[in-house]
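Chains as they are written, first to last, in our numbering: chain A, 5 to 776; chain B, 14 to 218.
We put the beta carbon where it would ideally sit given N, CA and C, even for glycine.
Structure follows, in structure tokens:
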């Protein structure tokens, strides 16, 4: 992937925002920011009163359902809707031959398909849709629609996709792209090395499955479409739907003030969004279309599997000399970033003069990928961090020391190798190891690991490709005459606490109480443009703009106060909710006592997100440590404790910060131990574990009781005016590799393929037992 | 609906109960709530597509409803009555987002037919409120930040409430087991455990 193309902005034309004007310097001390404060919308979310899109009940509303192709590759010959038409309560059925549904759907990189394309490239492609009076009837109708398919040969094994006899997913062939990168001379690097190791690694395909199902409620009023969509980005949905239905942007209003998780799978609109709009138009009634859980396994994204090989060279003193990496991956049946950013950690994380990577993205007949929390990174980490441990062992070095030997200060993977504005990688590893008790734990386990239950510790470091945020963002803050505030922003709060953090920024600047701040967000009809909430960039993007908007209000207030107190503007300063004259401290005025504000009723402040520093890279860093216990008779792995030490710049809210750290680790535990898509390579090519019983997420019983979050809070005045960097993605990057390293430390077994679960481990343990 | 469809969709009370028992066993507390009563009475057979008149007691209020026999309690709560605090995550007893209390015991509303809930006290997250004030478990979830996106939260709160009604001072292991039937994809478990501990303490006062 090119340095400047960020996945969450792919296919999005983001408007430019004006320069922010005077950029304030970072806070030197704070009274609100950084505290452990409950969320501003906690009442709504715990009382059951928060309305998520799938909760909406509009007058006269009906229900949609989608018929999906049951084959991995097929051509729709004929669709007989008559049996469904006979069902009482069925209002309309749309198929590929319905004129209103004759809509082009633009996939990435010029691949177009129809909304209901007769050529189905993966199991789960939309074939028809129904609107009915209730959801049961809609599903009844879907079940009796008769579709005649010509079943076509399919390819679902990415390693065989480029074989000459492999069925073609698209006429151009199954190679999407090969991305390569090179710096230095790896051959020379390996020649200089004292130890060279090479090993294949494989991570399996992971499915997002956010708790709220994908879906929306579509409603027309005349020619204006309103969509209540469970999304990370209302403006991204608006753009996609307007394009598909050829509507002016002003005629598509998208609202998604609450949403039940996305993790990247809800960055954009889905076909279901457009389908619901068409059903609503045909029935002339609002339509709620919420996918079933099974559909979300098939058709709304995944983290691609990665087949990787990593070769590494290191000198006796621990200096890395060369890294060579290859990867084959697949984004499924359409271009969808099948190998995006898998090599980023190899390129950027540890100092290495010679690096060569080659990543091959191929098509298979399976559901297209969508960005998934830190795309590519947990996969690359799985290979790199295990390799670092292998090198450390060969050198008889502590794995922590080997990493500390190779800490970069510049972003080596980027063109021109710009310096990071700040990097806490060293501190994350050092302080993390100390707080975890790394050396003592290693020692303790070494001396006591003889019985059935064996313990081991493992760790991994990380950098996240982006996470600095940037323009565009426009924020409007209104201060009312009674001192209460309305904060208007386009960004979605996907569960990370965005709204709370932004309210805290306003409170910090204007001295207003959190409970007196009302937030209007994520609605194209009423809020300003925002890019989708993803890429760990929402806080570093929005918080500086919020601060600028609050400062804009302060300036206006001080102008009013200067007039009132008959003094110089320059002589005034803010103190809580008062303005004081610096030279005559006894002279002060409460904001709400300013006559002009009382008369005017409201002050509107506008804030823009300024540009990032030139020739610098803004990135978050982290290191995670864990201890596991492996039962060498049963193959069971129990995670005893985890520590996440993360440098994400300023901690905005310690309570939500810790929650993110623990959540990222939990998701990483799933990636390491339980989650993997299974496609039937034998007979049907279908996904066989498309539910939460067969595809297991981490439960309350799978996370360790002992979880620690250790913020590494470094000043970063260059990054932006709040000094915050992204957090949501780095926290899940090194988790899986740290677990694999701990399992190795406990057992001597290196698990190179996810998941490290019982069937896998027991085989290896049995082999080991036989070898004696 | 055609004859063919009604046969396909038709389900007897008894056959449903048999399959439901297995699902419910995984929910939380032990004991089969409904199977006991079903053995005592002769099964009533209802045809799919035919509406039945039932009365449900939800949050202490009686609701007189016309429902199809196949409608789940979850569907009736959310789409018929409009109590949308109870969420749907899977519709098949996997995630616990739809957990409600039935006679104080946590149950998956997606695995419970509306007709089955007759004669039992159903409590949803809205029923834990005291007017506009949050109940104790809800307050603890707020204080400990025991959620992220909030979509599994109602279910987590109801599972916790049910746990604390049955076991006012659970051990940390009992807390983990008590919410182990409720998935949280955001991974807020650590804070959920803290919230349940805090709620147990608050309830003692």
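| Check | Outcome |
| --- | --- |
| Helix, strand or coil for residue 333 of chain A? Go by DSSP, reduced to three states. | strand |
| Under 9 Å between C-beta atoms, does residue 76 of chain B make it to chain A? | no |
| For residue 74 of chain B, which beta-bridge partners are listed by DSSP? | B/71 |
| So what's residue 263 of chain A in DSSP terms, helix, strand or just coil? | coil |
| In chain B, which residues lie less than 9 Å from residue 696 of chain A when you measure between Cβ atoms? | 102, 103, 105, 107, 108, 196 |
| By DSSP's criteria, residue 189 of chain B is part of a beta bridge. Which residues make up the other side? | BP columns for residue 189 of chain B are empty, so no partner. |
| Is there contact here, the region 469-480 of chain A with the region 546-554 of chain A, by at least three beta-carbon pairs under 8 Å? | yes |
| Closer than 9 Å, CB to CB, is residue 149 of chain B near chain A or not? | no |
| Taking residue 274 of chain A as the reference, give the member of A/181, A/120, A/505 with the closest Cα. | A/120 |
| Buried or exposed, going by whether 16 or more other CB atoms sit within 10 Å of the CB of residue 573 of chain A? | exposed |
| Would you say residue 59 of chain B faces chain A, with C-beta separation under 9 Å as the test? | no |
| In chain order, what residues of the same chain have a beta carbon less than 6 Å from the beta carbon of residue 764 of chain A, not counting five sequence neighbours either side? | none |
| Threshold first: 4 residues or longer. Then list the alpha helix (DSSP H) segments lying entirely within the region 594-626 of chain A, N to C. | 599-604 |
| Pick out the complete alpha helix (DSSP H) segments inside the region 321-387 of chain A, 4 residues or longer, and give them in chain order. | 348-352 |
| Is it the case that the region 229-243 of chain A contacts the region 490-498 of chain A, given that we only count it when at least three CB pairs across the two stretches are under 8 Å? | yes |
| Please confirm whether residue 306 of chain A has its beta-carbon closer than 9 Å to some beta-carbon of chain B. | no |
| Under 9 Å between C-beta atoms, does residue 3 of chain B make it to chain A? | Outside the modelled stretch of chain B, which goes from 14 to 218, sits residue 3 of chain B, for which no answer is possible. |
| Kindly list, in the order they appear in chain A, the residues whose Cβ is closer than 8 Å to that of residue 193 of chain B. | 703, 704, 705 |
| Given residue 272 of chain A, which residues of its chain have a CB within under 6 Å of its CB, disregarding the five upstream and five downstream residues? | 240, 244 |
| Determine the DSSP secondary structure at residue 780 of chain A, reduced to helix, strand or coil. | Limits of chain A in this structure are 5 at one end and 776 at the other, which puts residue 780 of chain A out of reach. |
| Taking all protein chains shown into account, do 16 or more other C-beta atoms lie within 10 angstroms of the C-beta of residue 753 of chain A, making it buried, or fewer, making it exposed? | buried |
| If contact means a Cβ-Cβ distance below 9 Å, which residues of the region 259-282 of chain A contact chain B? | 262, 263, 264, 265, 266, 267 |
| Please classify residue 671 of chain A: does DSSP put it in a helix, a strand, or coil? | helix |
| Residues in its own chain within less than 6 Å of residue 18 of chain A by CB, not counting five upstream and five downstream? | 476, 535 |
| Which residues in chain A sit within 7 Å of residue 167 of chain B, going by Cβ to Cβ distance? | 52 |
| Taking 9 Å as the cut-off, decide whether the C-beta atoms of residue 538 of chain A and residue 653 of chain A are in contact. | no |
| With residue 115 of chain B as the anchor, note down where its beta strand (DSSP E) starts and where it stops. | 112-115 |
| Locate the beta strand (DSSP E) running through residue 55 of chain A, then write down its first and last residues. | Neither: residue 55 of chain A is in no beta strand (DSSP E) and is coded neither H nor E. |
| With a threshold of 8 Å, are at least 3 pairs of Cβ atoms found where one atom belongs to the region 729-746 of chain A and the other to the region 596-607 of chain A? | no |
| In its own chain, which residues sit with a C-beta less than 7 Å from the C-beta of residue 770 of chain A, not counting the 5 before and 5 after it? | none |
| For the 8 Å Cβ check, are there 3 or more pairs between the region 322-342 of chain A and the region 137-151 of chain A? | no |
| Using only CA atoms, which one of A/293, A/744, A/210 lies nearest to residue 268 of chain A? | A/210 |
| Does the CB of residue 99 of chain A have a neighbour CB from chain B at under 9 Å? | no |
| Is it buried or exposed, residue 532 of chain A, if we count other Cβ atoms within 10 angstroms and call 16 or more buried? | buried |
| Flag residue 161 of chain B as yes if its beta-carbon sits less than 9 Å from any beta-carbon of chain A, otherwise no. | yes |
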